[in-house]
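Peer 1: Per UniProt numbering: the sequence shown = residues 1 to 83. No residue lacks a Cβ here, since even glycine has one placed at the ideal position from N, Cα and C. Quantities reported herein were computed from a predicted structural model and do not represent experimental measurements. Sending over a structure as structure tokens; questions will come in a sec.
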Amino acid sequence: MDRLAAEKGIVIGCLLAALGFLGFAFSQNYFLIILSLLIAGLGISINSISSKVFSIESFEKAVNKSEIFSIIITSVNIAGAIA
1 MDRLAAEKGI VIGCLLAALG FLGFAFSQNY FLIILSLLIA GLGISINSIS SKVFSIESFE
61 KAVNKSEIFS IIITSVNIAG AIA
């Protein structure tokens, strides 16, 4: 992950997740379902890590990094509750 820029990681993660979910929609058997969900999960994981790295890099002057992570986690939970 350190070799990729955070912005590239976010884009790659979103593309992998989209590819995985698109594959899931058209899966005809269990093997393709599992493969699609593995690809989507990999994309979501890359996106999650990259977005946290991007947040920390964007707020370099912030002393309390745990406050940044708590804002991210709270935002994700609110978005999930609304959806």
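Whole angstroms is fine: what's the gap from Ala25's alpha carbon to Asn77's?
Peer 2: Residue mapping note: residue 25 aligns to position 25 of the sequence shown, counting from 1. Residue mapping note: residue 77 aligns to position 77 of the sequence shown, counting from 1. Between Ala25 and Asn77, the C-alpha separation is close to 25 Å.
Peer 1: Please tell me whether Glu18 and Phe54 are closer than 8 Å, where the distance is taken between their beta carbons.
Peer 2: Here residue 18 is taken as the residue at index 18 of the sequence shown, counted from 1. Here residue 54 is taken as the residue at index 54 of the sequence shown, counted from 1. A small fix is needed here, since residue 18 is Ala in this sequence, not Glu. No; because the gap between Cβ atoms is not below 8 Å, this pair is not in contact.
Peer 1: Is Asn77 helix, strand or coil by DSSP?
Peer 2: As a first step, residue 77 must be located in the sequence shown, where it is residue number 77. Helix.
Peer 1: Which residue wins for smallest C-alpha separation from Gly43, given the options Ile34, Ser58, Cys14?
Peer 2: Numbered from 1 along the sequence shown, position 43 holds the residue referred to as residue 43. It is Cys14 whose Cα lies nearest to the Cα of Gly43.
Peer 1: Between Gly80, Ile12, Ala83, which lies nearest to Ala40 when the distance is taken from Cα to Cα?
Peer 2: Locating residue 40 in the sequence shown gives position 40, where the first residue counts as 1. Taking only the C-alpha atoms, the option nearest Ala40 is Ile12.
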